[in-house]
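J.:
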Amino acid sequence: MEHKSGGDLWPDRKFEWPDRKFEWVWREDEGRSGGLISIWNRKRFVKTSSWHSRGVLVVNGRWVKDNEEMVVINVYAPCDFTDKALVWDMINLVITQNTAAKICVAGDFNSIRAEGERC
Numbered sequence: 523m524e525h526k527s528g529g530d531l532w533p534d535r536k537f538e539w540p541d542r543k544f545e546w547v548w549r550e551d552e553g554r555s556g557g558l559i560s561i562w563n564r565k566r567f568v569k570t571s572s573w574h575s576r577g578v579l580v581v582n583g584r585w586v587k588d589n590e591e592m593v594v595i596n597v598y599a600p601c602d603f604t605d606k607a608l609v610w611d612m613i614n615l616v617i618t619q620n621t622a623a624k625i626c627v628a629g630d631f632n633s634i635r636a637e638g639e640r641c
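Residue numbering for the sequence shown follows my numbering, starting at 523 and increasing by one per position.
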């Protein structure tokens, strides 16, 4: 999920639902992006690690029910073609390094159909 309210929202505020079942990781904003945040129910998914790079926020963990390894790649791709290619290279690297895990790739890929849609 992309967040567009500004980079100062997440570090200074407690981010919690009343039942406290959720955990989250976030990536600070870059340029006009408000950053990335990934949120999950900790009773269903247990995070083992997380990291970020330009345009991606990666969360590794296990589904509790099936005890299966899972990698979630949250994406906010830049509009610039060269930068977008670097994000796709990073996604490819994560996928090829995690062949035993189930992988979910989601986010805003800033794909356009016509030149007039470009940022």
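Beta carbons are placed, not taken as given, at the ideal position from N, Cα and C, and that holds for glycine.
Nothing here was measured: the structure is a model prediction, and the numbers come from that model.
As a quick exercise: from Met-592, Lys-606, Lys-565, pick the residue whose alpha carbon is nearest that of Gln-619.
T.: The shortest C-alpha separation from Gln-619 is found at Met-592.
J.: Write down the C-beta distance between Val-581 and Gly-629 rounded to the nearest angstrom, noting that I regard them as a contact closer than 8 Å.
T.: That pair is no contact at about 12 Å.
J.: In whole angstroms, what separates the C-alpha of His-525 from that of Asp-605?
T.: Any answer about His-525 is weak, because its pLDDT of 41 lies below 50 and its placement is not dependable; what the coordinates show is given next. So the two alpha carbons sit approximately 20 Å from each other.
J.: What did DSSP end up calling Ile-559 once you bin it into helix, strand or coil?
T.: Strand.
J.: Kindly indicate which three-state DSSP category Thr-570 falls into: helix, strand or coil?
T.: Thr-570 falls in the strand class under three-state DSSP.
J.: Does DSSP put Glu-552 in a helix, in a strand, or in coil?
T.: Here Glu-552 sits in coil by DSSP.
J.: Could you give the DSSP three-state label for Ile-634: helix, strand or coil?
T.: Reduced to three states, the DSSP call for Ile-634 is coil.
J.: Count the other C-beta atoms from every protein chain shown that fall within 10 angstroms of the C-beta of Asn-563, then say buried if there are 16 or more, exposed otherwise.
T.: Asn-563 should be labelled exposed.
J.: So the alpha helix (DSSP H) Asn-614 belongs to, where does it begin and stop?
T.: Taken as a continuous stretch (DSSP letters only), the alpha helix (DSSP H) holding Asn-614 covers 603 to 619.
J.: Alpha carbon to alpha carbon, how far is Cys-626 from Val-594?
T.: Roughly 5 Å between the two C-alpha positions.
J.: How would you write the range of the beta strand (DSSP E) that Asn-589 sits in, first residue to last?
T.: Per DSSP, Asn-589 belongs to no beta strand (DSSP E) and is neither H nor E.
J.: Is Ser-560 closer than 8 Å to Trp-573 when the C-beta atoms are compared?
T.: It is not a contact, given that the beta carbons lie outside the stated cut-off.
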